[in-house]
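Counted from 1, the sequence shown has number 61 at position 62 by numbering that gives the first Met the number 0; the numbering is strictly sequential. Just below is one structure, and these are the notes that go with it.
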Amino acid sequence: MPGFTHLNNEGQPTVVNVSKKNITHRKATAQAIVALPEPVFQELQKDGFTTKKGTVFQIAIIAGIMAAKKTGELIPLCHPLGLDHCDIHIEVNNQQEIVIHCTAAVEAKTGVEMEALTGATVAALTIYDMCKALSHDILIRGIQLMEKTGGKNDFKRA
Numbered sequence: 000m001p002g003f004t005h006l007n008n009e010g011q012p013t014v015v016n017v018s019k020k021n022i023t024h025r026k027a028t029a030q031a032i033v034a035l036p037e038p039v040f041q042e043l044q045k046d047g048f049t050t051k052k053g054t055v056f057q058i059a060i061i062a063g064i065m066a067a068k069k070t071g072e073l074i075p076l077c078h079p080l081g082l083d084h085c086d087i088h089i090e091v092n093n094q095q096e097i098v099i100h101c102t103a104a105v106e107a108k109t110g111v112e113m114e115a116l117t118g119a120t121v122a123a124l125t126i127y128d129m130c131k132a133l134s135h136d137i138l139i140r141g142i143q144l145m146e147k148t149g150g151k152n153d154f155k156r157a
């Protein structure tokens, strides 16, 4: 099993040295799921997913993109990246859950998994924030990397 890449030879935290890596097109998609209690879901649906704070999905998308762009500032050992692209898609599934997908892309020496995960997570937190006045029984779950390409190893969740 490979060791932790964020530890140096003395076992101390370090930023991974990517200086010898090639620049490639890196892309990652992450997912987060927001499960709302039935009365909250019905109230939101009745109002077109708009609250007194604004349009829930649009504000969550903007918050997620802003967070993805700041990932290097939020995650201590994460490389700061200037994203070439970030897209957040939000939909309601058959279980009346809000499913968020964040896709980030960059031409770089390191991947954008953390940016995609951060974007999806903050979008989910924003939905929670906008709906918490109706209930605190909102559940955020299923935060996970769905796919990544462009590095040493591509990955796709089945």
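Glycine residues also receive a C-beta, built at the ideal position from the N, C-alpha and C atoms.
* To do: Output yes or no for whether 8 Å exceeds the beta carbon distance between T28 and T70.
  => no
* Reducing DSSP to helix, strand and coil, say where G53 ends up. => strand
* Taking H84 as the reference, which of V111, N7, L6 and H78 has the closest Cα? -> V111
* State whether the segment 117-128 contacts the segment 59-78, with contact taken as three or more CB pairs (one from each stretch) at a distance under 8 Å. => yes
* Asked: Name the DSSP bridge partner or partners of V105?
  -> R25
* For the beta strand (DSSP E) holding L138, just list the boundary residues, first then last. => L138 to T148
* Give, in chain order, every unbroken run of the alpha helix (DSSP H) that is at least 4 residues long and sits entirely within the segment 62-96. => 70-73
* Asked: By Cβ distance, which residues of its chain are closer than 6 Å to I99, with the 5 residues on each side in sequence left out?
  -> A31, I89, A119, A122 and A123
* Asked: Any chance the segment 144-157 sits against the segment 124-131, with 3 or more Cβ pairs inside 8 Å?
  -> no
* Give a yes or no on whether 8 Å exceeds the smallest Cβ distance from I22 to chain B. => Although the question refers to chain B, the structure presented lacks it and comprises just one protein chain.
* **As assigned by DSSP and simplified to three states, the class of K155** => strand
* Asked: Taking the Cβ atom as the reference point for each residue, do R25 and A107 lie within a distance shorter than 8 Å?
  -> yes
* By the 10 Å Cβ neighbour count, where 16 or more other Cβ atoms means buried, how is F40 classified, buried or exposed? -> buried
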